[in-house]
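Asker: Got a structure here, written out as structure tokens. Questions coming.
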Amino acid sequence: MIQPFETQPFESDLHSDFLRADLFFSMGQPVEAARVLEPLVAAEPGNEAALELLARSYFGSAQLQKAEDALRRLVELAPANGWARRALARTLERRSRRDEAVAHHRMADALGAG
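Each residue of the sequence shown is one higher than the last, beginning at 1 in the UniProt record's numbering.
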């Protein structure tokens, strides 16, 4: 007799959640990626990779206030992160705050960010 398939409760870990979020983002689903990343970043607020992907997800889904907040946190954690400076500048520009963006563009240029 065939035994019924018993499902085990799904247990995720932070690394698996990051990989899932990265997959969602790569598939053009930034809202879903952000949904997966929010608890991960809350659990590990110093995780720069997760925070960067969360910021990219927010930016990609036009959640610009959340993108700005995440990018400011990332710049605080890693002041020499040229990518974060450039992304923050572009977020500020999209929010019609060009004057604030200038300093971040200059810093990104000085750091050699593309």
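Yeah, the Cβ is synthetic: ideal placement off N, Cα and C, and Gly gets one too. Owing to the predicted nature of the structure, the values given are computational and were not obtained by experimental measurement.
For P45, is the classification buried or exposed, using 16 other Cβ atoms within 10 angstroms of its Cβ as the cut-off for buried?
Answerer: Burial call: exposed.
Asker: Could you tell me the alpha carbon to alpha carbon distance between L114 and A78, rounded to whole angstroms?
Answerer: A small fix is needed here, since residue 114 is Gly in this sequence, not Leu. Approximately 17 Å between the Cα atoms of the pair.
Asker: Using a Cβ-Cβ cutoff of less than 7 Å, which residues in the same chain neighbour R55 once the five nearest sequence positions on both sides are dropped?
Answerer: Checking the displayed sequence, the identity of residue 55 turns out to be Ala instead of Arg. For A55, where only same-chain residues beyond five positions count, the Cβ hits under 7 Å are A67, A70, L71, L74 and A87.
Asker: In the stretch 37–90, which residue ranges form an unbroken alpha helix (DSSP H) of at least 4 residues, counting only runs that do not cross its ends?
Answerer: Segments of the alpha helix (DSSP H) lying fully in the stretch 37–90: 48–60 and 64–77.
Asker: Residues in the same chain with beta-carbon distance under 6 Å from F24, minus the five sequence neighbours each way, listed in chain order, please.
Answerer: E32 and A33, listed in sequence order.
Asker: Determine, using beta carbons only, whether R94 and L64 come nearer to each other than 8 Å.
Answerer: The answer is yes: Cβ separation under 8 Å.
Asker: Tell me which residues share the same chain as M27 and place their Cβ nearer than 6 Å to its Cβ, disregarding the 5 neighbours each side in the sequence.
Answerer: Closer than 6 Å at Cβ, skipping near neighbours: no residue.
Asker: Which residue marks the beginning of the alpha helix (DSSP H) containing M107, and which one marks its end?
Answerer: Note, M107: alpha helix (DSSP H), R98 to A110.
Asker: Excluding five sequence neighbours on each side, which residues of the same chain lie with their C-beta closer than 6 Å to the C-beta of G60?
Answerer: Taken in chain order, the residues that qualify are P30.
Asker: Is the closest heavy atom of the ligand PLP to the C-beta of A70 under 7 Å?
Answerer: Within the structure as shown, the ligand PLP is missing, as the structure has no ligands at all.
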